[in-house]
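**Q**
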Amino acid sequence: MAFRAAEGTLSEQLASVKEESMAILKDYITKYNVPNDVPNEPLEESSSGDEDEKSGEVYASLVEQRKQIQEFL
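Dropping the structure here:
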């Protein structure tokens, strides 16, 4: 993206870029049908040790990212 001096102050341009970015993000989420509700617990539990820990960490990370996106929107 290029900033254009004729389109207002830098802060106005940044606000505009933020709005455009949020619209793109919202369209992406809508297009790929990202669920609005992410459960706090995994649906299935297995006993594979290290894999469970890794998948649990990934799942927790995804839940946190989803919460951040919702707060940002």
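According to numbering that gives the first Met the number 0, numbering within the sequence shown proceeds without interruption in unit steps and concludes at 72. Ideal Cβ positions, reconstructed from N, Cα and C, are used throughout, including at glycine. Remember, it's a predicted structure, so these values are computed and weren't measured experimentally.
Rounded to whole angstroms, what's the CA-CA distance from G55 to L61? Just pull it up for me.
**A** Their backbone Cα atoms lie some 10 Å apart in a straight line.
**Q** Taking the straight line between their C-alpha atoms, what separation do you get for E11 and Q69?
**A** Cα-Cα distance, rounded: 24 Å.
**Q** Report all residues from its chain with a CB closer than 6 Å to the CB of M21; omit the five preceding and five following residues, and keep chain order.
**A** Excluding sequence neighbours, M21 sits near nothing in its chain.
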